[in-house]
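Undergrad: One structure, pasted below without further comment.
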DNA sequence: CGCACACTTGACACCGAGTGTCATTTATGG
DNA sequence: CCATAAATGACACTCGGTGTCAAGTGTGCG
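Residue numbers (this note's numbering), protein chains in the order written: chain B, 1 to 198; chain X, 199 to 396.
Following this line, the structure appears as structure tokens:
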């Protein structure tokens, strides 16, 4: 075992980022996103506004940070699927990650609350869609190399990956708006079967 | 013929909005979106900043306004399709509007240039995705009443409409990035056939 | 131990988007 | 022609975000 995989500086930096994000979400859930000012947040964290912006490039990034990671994991997972597996099946498998992401969250309540705030806030929702779209592009790149159909003038792979993500979003949304009445995986199966029965 | 379908005030208001949007797009294409300030724009239009914001609620709305209309038309068009037509076919027909939207534009060059600016600008792109998502919701409402499957806990209709929109976006993107090498309609057919051959 | 160097922080000034307010101008309709 | 409503401009203000610089804090090294 290697003694220090990350330099000390980097570790404290990540710790601060983590605490900051957590504190922010708590404040957002309590008072609302627009009502929580960066100055409030910085004060609550005991730092200056300027210092806050050295940890997060924007207020939105406080909320959107997690999706970054998720996208990369999805792309990795897809690359790890057997090459001869139909792409639709691979995508279904890969989306299992998202289920984990939700269900394994220790403080699910806050996460869900925050997720709802995002959907109700115009700018945040737009930003959220942008992140999903970036996820999708990562996965699309992977899918193109996997299928060998990498001609950018061919819209078909993009259409398939996009369709799969639509299923993911439909399931996600339903799961949130029905207060988790059904397990996420079931919703996802229903959605994906409606497009391409397997 | 009715003498005044719209009150005079409303007509001048729309005229000003139109000129403003046109002027703005010209400036954005010429100097860039971030580099064009609202003060610049207001000055160029011979009005104060405050007055500008009485015509447009935000800088983004200058660019996004058109998508509003498009979404409503799409929903209307869908409602007008025969009730027994398969939803996938109806959606394909309805998307013909978008083809018109592009191809019938008198000053296509500026429109395409602006569309590229949107895609390259993080905030604008996010906002654009948000508008598309709203379009999708309008269409989804219509699709739900049409199919009679209006249970919001059922993700299937959302998945199908979402998939269709993914095809639309895939075709749209391809059309833009390949500099209109193929007609939009063909790309759309390719994309939609890849999901559900008809 | 002490020094030099890199990194981090806070303070401050500044920019652009967007809003509230109010007085002034401009159009509309009787 | 006049009263009333709407449109405008001017001004001050908030908030997100950035550039700059000086002061603080830790780290590695001789």
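Each residue gets a CB set at the ideal place from its N, CA and C atoms; glycine is no exception. From a predicted model like this one, the values you see are computed outputs, not experimental measurements.
When the Cα atoms are used, what is the spatial distance from residue 326 of chain X to residue 126 of chain B?
TA: Each residue's Cα considered, the two are about 8 Å apart.
Undergrad: Rounded to the nearest angstrom, how far is the Cβ of residue 353 of chain X from that of residue 191 of chain B, given a contact under 8 Å?
TA: Indeed, because the Cβ distance is near 4 Å, the residues count as touching under 8 Å.
Undergrad: So within the stretch 269-355 of chain X, which uninterrupted alpha helix (DSSP H) runs reach at least 4 residues, ignoring any that extend past its ends?
TA: DSSP runs (the alpha helix (DSSP H)) wholly in the stretch 269-355 of chain X: 285-292, 294-301, 306-318 and 320-345.
Undergrad: Only counting the same chain, and skipping five residues up and downstream in sequence, which positions put a Cβ closer than 8 Å to that of residue 342 of chain X?
TA: So the list reads 348 and 355, once near-sequence residues are dropped.
Undergrad: Should residue 296 of chain X be labelled buried (16 or more other beta-carbon atoms within 10 Å of its own) or exposed?
TA: When all chains shown are included, residue 296 of chain X counts as buried.
Undergrad: Quick check on residue 339 of chain X - is its C-beta less than 8 Å from some C-beta in chain B?
TA: No, residue 339 of chain X lies away from the interface with chain B (no Cβ there is under 8 Å from its Cβ).
Undergrad: Rounded to whole angstroms, what is the Cα-Cα separation between residue 70 of chain B and residue 241 of chain X?
TA: One C-alpha to the other measures close to 45 Å.
Undergrad: Relative to the C-alpha of residue 173 of chain B, which candidate in B/30, B/27 and B/116 has its C-alpha closest?
TA: Cα-wise, what sits closest to residue 173 of chain B is B/116.
Undergrad: Counting along the chain, where does the alpha helix (DSSP H) carrying residue 249 of chain X start and finish?
TA: Run containing residue 249 of chain X: 247-253, per the alpha helix (DSSP H) assignment.
Undergrad: Between residue 63 of chain B and residue 25 of chain B, what straight-line distance do the alpha-carbon atoms span, to the nearest angstrom?
TA: Cα to Cα, the separation comes out at about 7 Å.
Undergrad: Chain X partners of residue 84 of chain B, CB-CB under 8 Å?
TA: Residues of chain X passing the Cβ test: none, with the nearest at roughly 19 Å.
Undergrad: Under 8 Å, Cβ to Cβ, is there at least one residue of chain X near residue 144 of chain B?
TA: With 8 Å as the cut-off, residue 144 of chain B does not count as an interface residue toward chain X.
Undergrad: Determine the chain X residues that contact residue 149 of chain B at a beta-carbon separation under 9 Å, and present them in chain order.
TA: In chain order: nothing, as chain X lies at least about 10 Å away.
Undergrad: Output yes or no for whether 8 Å exceeds the beta carbon distance between residue 254 of chain X and residue 225 of chain X.
TA: No; because the gap between Cβ atoms is not below 8 Å, this pair is not in contact.
Undergrad: Under the three-state reduction of DSSP, which class applies to residue 379 of chain X: helix, strand or coil?
TA: Three-state DSSP puts residue 379 of chain X in coil, outside helix and strand.
Undergrad: Could you spell out the range, first to last residue, of the alpha helix (DSSP H) harbouring residue 238 of chain X?
TA: 236-243 is the span of the alpha helix (DSSP H), which, as asked, contains residue 238 of chain X.
Undergrad: Using the Cβ count rule (16 or more neighbours within 10 Å means buried), how would you classify residue 206 of chain X?
TA: Its Cβ having fewer than 16 others within 10 Å, residue 206 of chain X is exposed.
Undergrad: Identify, in the order they occur along the chain, each residue of the same chain with its Cβ nearer than 6 Å to the Cβ of residue 329 of chain X, setting aside the five sequence neighbours on each side.
TA: Result list for residue 329 of chain X: 262 and 265, in chain order.
Undergrad: Please classify residue 290 of chain X as buried or exposed, where buried requires at least 16 neighbouring CB atoms within 10 angstroms.
TA: It counts as buried.
Undergrad: Rounded to whole angstroms, how far is the Cβ of residue 194 of chain B from the Cβ of residue 278 of chain X, which I believe are closer than 8 Å?
TA: Actually they are not in contact, since the Cβ atoms of residue 194 of chain B and residue 278 of chain X sit about 24 Å apart, beyond 8 Å.
Undergrad: Report the residue from X/376, X/284 and X/231 whose alpha carbon sits nearest the alpha carbon of residue 362 of chain X.
TA: Checking every option, the nearest Cα to that of residue 362 of chain X belongs to X/284.
Undergrad: Just checking: is the beta-carbon of residue 155 of chain B within a distance shorter than 8 Å of some beta-carbon in chain X?
TA: Yes - at least one Cβ of chain X is within 8 Å of the one on residue 155 of chain B.
Undergrad: At a cut-off of 7 Å, is residue 196 of chain B close to the ligand GDP when judged by its beta-carbon and the heavy atoms of the ligand?
TA: Absent from the structure shown: the ligand GDP. Ligands present: none.
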